[in-house]
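By numbering that gives the first Met the number 0, the letter at position 51 of the sequence shown is numbered 50, and the numbering carries on one by one without gaps.
We put the beta carbon where it would ideally sit given N, CA and C, even for glycine.
Worksheet: the structure to be examined is printed underneath.
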Amino acid sequence: MIEKNFREVFDKFELRFFRKIFDLVREREGSLSAMEAFSLEVIDMLDSPTVGQFADFLKISQSNATYKVNSLMKKGYLERQNSAVDRREYHLVLSEKYYRYQDLLTSYQHTVIGRIQERFPPEDLAKFDEMLAVISRELMSEDD
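Below, the structure written as structure tokens:
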């Protein structure tokens, strides 16, 4: 039962996400391709990676990663920021344009969280929050 319910919730979030991505991805000048949109999501989740870290995570070549990064910079979704530790190295930083796009994708999460908070008592919400933290920290640690 828990597997079926988990899969249903996961699928609903994923389908909503994909629909939003494809709604945002249009064949027009400066628009994002689906691969670019997914690349931005990865860069966001990696929290300002270097190009090398981005490439390593996706298991793509450095030149392929550089090509994707340059395209995203040209479209205004990404910026480079020199490392405070090593000025020769730079990190990928998401731009304001990205965060405006990201707000469209996360609005459904806020809607669902609001519904959860309205529906369940505080003690259930605290337990659910604790369970989500354990799932993220301990049960999915292989992706760190």
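Task: First and last residue of the uninterrupted beta strand (DSSP E) at Tyr89 - done: Tyr89 to Leu93
Task: Buried versus exposed call for Ile1 [16 or more other C-beta atoms within 10 Å across all chains shown] - done: exposed
Task: Three-state secondary structure assigned by DSSP to Leu57 - done: helix
Open item on the list: Looking at the secondary structure, which residues open and close the beta strand (DSSP E) in which Leu77 lies?
Closed with: Leu77 to Asn81 is the extent of the beta strand (DSSP E) around Leu77.
TODO: Count the CB pairs spanning the region 111-130 and the region 85-103 that are closer than 8 Å, and state whether there are at least three.
DONE: no
Open item on the list: Given a cut-off of 7 Å on the beta-carbon distance, is the pair His90 and Thr65 in contact?
Closed with: no
- [ ] Name the residue from Arg136, Phe12, Val8 and Leu93 whose alpha carbon lies nearest to the alpha carbon of Asp46.
- [x] Taking only the C-alpha atoms, the option nearest Asp46 is Leu93.
Open item on the list: Out of Arg86, Ile112, Asn81 and Ser38, which one is the CA nearest neighbour of Asn63?
Closed with: Ser38
- [ ] Give the secondary structure of Val41 by DSSP, where H, G and I count as helix, E and B as strand, and everything else as coil.
- [x] helix
Open item on the list: Output needed for Lys67: all residues of its chain with C-beta closer than 6 Å, excluding positions within five of it in sequence on either side, in chain order.
Closed with: Ser38
Open item on the list: Leu71 and Glu148 - do their beta-carbons sit closer together than 7 Å?
Closed with: This structure cannot settle anything about residue 148, because the visible part of the chain is limited to 0 through 143.
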